[in-house]
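>
In mature numbering (1 follows the signal peptide of the UniProt record, and there is no 0), the protein residues as written are -19 to -1, 1 to 509.
#1: Is it the case that the Cβ atoms of residue 381 and residue 358 are separated by a distance below 7 Å?
#2: For residue 361, which of helix, strand or coil comes out of DSSP?
#3: Using the rule of at least 16 other Cβ atoms within 10 Å of the residue's Cβ for burial, across every protein chain shown, is residue 81 buried or exposed?
#4: If you reduce the DSSP assignment to three classes, tell me which class residue 414 lands in.
#5: Pick out the complete beta strand (DSSP E) segments inside the segment 346 to 402, 3 residues or longer, and give them in chain order.
#6: If I measure Cβ to Cβ from residue 518 and keep anything under 8 Å in the same chain, skipping five residues before and after, which residues do I get?
#7: Using the C-alpha atoms, what's the distance from residue 376 back to residue 211?
#8: What residue range is occupied by the uninterrupted alpha helix (DSSP H) comprising residue 248?
#9: Is the beta carbon of residue 558 less than 7 Å from the beta carbon of residue 236?
#10: Under the assumption that residue 294 contacts residue 353 (Cβ atoms under 8 Å), give the Cβ distance between them as a whole number of angstroms.
#11: Got a sec? Which residues, its chain only, sit under 7 Å from residue 61 by beta carbon, not counting five neighbours each side?
#12: Find out if the Cβ-Cβ distance for the pair residue 187, residue 167 is shorter than 7 Å.
#13: For residue 43, does the three-state DSSP call read helix, strand or coil?
#14: Could you give the first and the last residue of the continuous alpha helix (DSSP H) run that contains residue 313?
#15: Quick check: what's the CA-CA separation for residue 391 versus residue 127?
#16: On the DSSP bridge list, what partners appear for residue 171?
#17: Do residue 110 and residue 88 count as a contact pair if the criterion is CB distance below 7 Å?
#18: When DSSP labels each residue in this structure, what does residue 61 get in the three-state scheme?
#19: Quick check: what's the CA-CA separation for residue 132 versus residue 202?
#20: Within its chain, find whatever has a CB closer than 8 Å to the CB of residue 79; leave out the 5 residues flanking it on each side and keep chain order.
#21: Taking three-plus beta-carbon pairs below 8 Å as touching, is the segment 242 to 260 in contact with the segment 190 to 197?
#22: Please classify residue 242: is it buried, with 16 or more other beta-carbons within 10 angstroms of its beta-carbon, or exposed?
#23: Starting from residue 318 and walking both ways along the alpha helix (DSSP H), at which residues does that stretch end?
#24: Between which two residues does the alpha helix (DSSP H) harbouring residue 231 extend?
#25: What do you get for residue 334, buried or exposed, if any count of 16 or more other CB atoms within 10 angstroms of its CB means buried?
#26: Distance check for residue 48 and residue 340, CA to CA, integer angstroms please.
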């Protein structure tokens, strides 16, 4: 047995080495790579998507080679069982989630250095905040992280379902929780909150994507696409309280969308509410494109929409954020009350796993069956004409899982061949995981559009124009000059140099992923 394990470990090391050398899937080296869709720019004058990272298999920054060899030998690290899901850029790092769907995943949250400062296109993942905070079985640490969000304070909101090995034995290790990490202090824990069993059952949840809302002390909206009780979990930071909003018509899988194909692979997935995005502020009593003063973001006069879609659906829906934030309404609301608030925008071309909103109200989303990334200006009707495919390629865009936008206006897209991973068909001699990037010029949805900086170039934040702003004992200074990096450096988000300051089968996949509920009005915008 010992000899067999040594041989397996040796084979894994060899496969990893081969994976580092290159790919036989026909992909050219990165330095000669053309954009996936050279004829389709993001917008006139903008750059195309480029591959900035690609891995055959994923590796971690172990302390030394002996530690890596021991991890391989013991099964603590099984390269073929590791997959990336979410990505969120902040400062000089790109943070990645590595959900523990299978055994042998040594860390579930980590980072790589941004491409400009990284000498490799297949960098090792550094566990974040530390190896200790990723210890499997330690309920104070992170167990299964699939979605994260970074607010404009530089606080990372980390959702941990507490379950591990969800594609096999599905061990329930720890209660589900949300942890807030201060990225300016290298991941100092600011808050831990354990979800009550009545909101997120420990043995039957699949906490997936998350968006954060700065209003009224901070809220998180989290999709739970469990088969038994799908919905949107709402967490109030100020109240340290959570509840779930459910709506069966818009949050459950649609029968006509469970069958689709990715790169010729026929799939049959009945997966409920999955992707989620937070729209810009607007005043229902004013024109939809009326700029929103930053001093009024907590005013009852302003609204935001929470957009969402089941993976097994062709439609995008929304609910008003104000409805989701109201625990009293949700406690007494009937299913009809919530249904009446839901807006169905209409049909898109294919199923979606990842979506992300920028601060100008443009929604970016993947189209799984089309091997594509698309965008839609949410200020316009969701018509076929207004749904624009901006990148399409059957080799480079196989399963868009998540997206994020950095402080320089770059959109990052995680492509991870999830359809092959859950079937156990990843080939370590091919590129399986890619991160694409394109310049959009916009910022993340967490920033207010149009007036992020005032006419003097000062960074505006919650009514602060160059005035220090205190949050939980931390003081930020928001004043800068011209480039976004300089402004964010003045805000304490970046240093002056730009560095950080501080199933083996598809049935098994369905069983694990099919684990939601609520929808919304678009304010008083016209939807046609």
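By construction, the Cβ of each residue, glycine as well, lies at the ideal position given by its N, Cα and C atoms. Computed from a predicted structure; not experimentally measured.
This is what the structure holds:
#1: Position 400 of the chain shown holds residue 381. Position 377 of the chain shown holds residue 358. No, the Cβ-Cβ distance between residue 381 and residue 358 is not below 7 Å.
#2: Taking the chain shown and counting its residues from 1, the one referred to as residue 361 is at position 380. In the structure shown, residue 361 sits in coil (DSSP, three-state: anything other than H, G, I, E or B).
#3: Stepping through the chain shown from its first residue, residue 81 is reached at position 100. Buried.
#4: The count along the chain shown starts at 1 and reaches residue 414 at position 433. Strand.
#5: 353 to 358, 368 to 373, 381 to 386 and 391 to 396
#6: Here the chain covers residues -19 to 509 and nothing more, so residue 518 does not appear.
#7: In the chain shown, counting from the first residue as 1, residue 211 sits at position 230. In the chain shown, counting from the first residue as 1, residue 376 sits at position 395. Rounded to whole angstroms, residue 211 to residue 376 spans 32 Å at the Cα level.
#8: Taking the first residue of the chain shown as 1, we reach residue 248 at position 267. Counting along the chain, residue 248 falls outside any alpha helix (DSSP H), though it belongs to the beta strand (DSSP E) covering 246 to 249.
#9: Residue 558 lies beyond the range of the chain shown here (-19 to 509); nothing can be said about it.
#10: Taking the first residue of the chain shown as position 1, residue 294 is located at position 313. Taking the first residue of the chain shown as position 1, residue 353 is located at position 372. No, residue 294 and residue 353 are not in contact; Cβ-Cβ is about 17 Å, not under 8 Å.
#11: Within the chain shown, numbered from 1, the residue matching residue 61 stands at position 80. Closer than 7 Å at Cβ, skipping near neighbours: 38, 407 and 409.
#12: By 1-based counting over the chain shown, the position of residue 187 is 206. By 1-based counting over the chain shown, the position of residue 167 is 186. Not closer than 7 Å, so no.
#13: Translated into the one-based positions of the chain shown, residue 43 becomes position 62. Coil at residue 43, not helix or strand.
#14: Here residue 313 is taken as the residue at index 332 of the chain shown, counted from 1. First-last of the alpha helix (DSSP H) with residue 313: 308 to 313.
#15: Stepping through the chain shown from its first residue, residue 391 is reached at position 410. Stepping through the chain shown from its first residue, residue 127 is reached at position 146. Residue 391 and residue 127: Cα-Cα distance of roughly 22 Å.
#16: Within the chain shown, the letter at position 190 stands for residue 171. Per DSSP, none; premise fails for residue 171.
#17: Here residue 88 is taken as the residue at index 107 of the chain shown, counted from 1. Here residue 110 is taken as the residue at index 129 of the chain shown, counted from 1. No, they are not a contact pair.
#18: Residue numbering aside, residue 61 sits at position 80 when the chain shown is read from its first letter. Looking at residue 61 - three-state DSSP - the assignment turns out to be helix.
#19: Residue 132 sits at position 151 when you count from the first residue of the chain shown. Residue 202 sits at position 221 when you count from the first residue of the chain shown. Each residue's alpha carbon lies about 13 Å from the other.
#20: Your numbering for residue 79 matches position 98 in the chain shown. Result list for residue 79: 39, 63, 64, 65, 66, 86, 88, 89, 90, 91, 106 and 126, in chain order.
#21: yes
#22: Here residue 242 refers to the residue found at position 261 when the chain shown is read from its first residue. With fewer than 16 other Cβ atoms within 10 Å, it is exposed.
#23: Counted from its first residue, the chain shown places residue 318 at position 337. First-last of the alpha helix (DSSP H) with residue 318: 316 to 322.
#24: Residue 231 sits at position 250 when you count from the first residue of the chain shown. Its alpha helix (DSSP H) spans residues 229 to 232.
#25: What you label residue 334 is simply residue 353 of the chain shown in a count that begins at 1. It counts as buried.
#26: Position 359 of the chain shown holds residue 340. Position 67 of the chain shown holds residue 48. About 43 Å.
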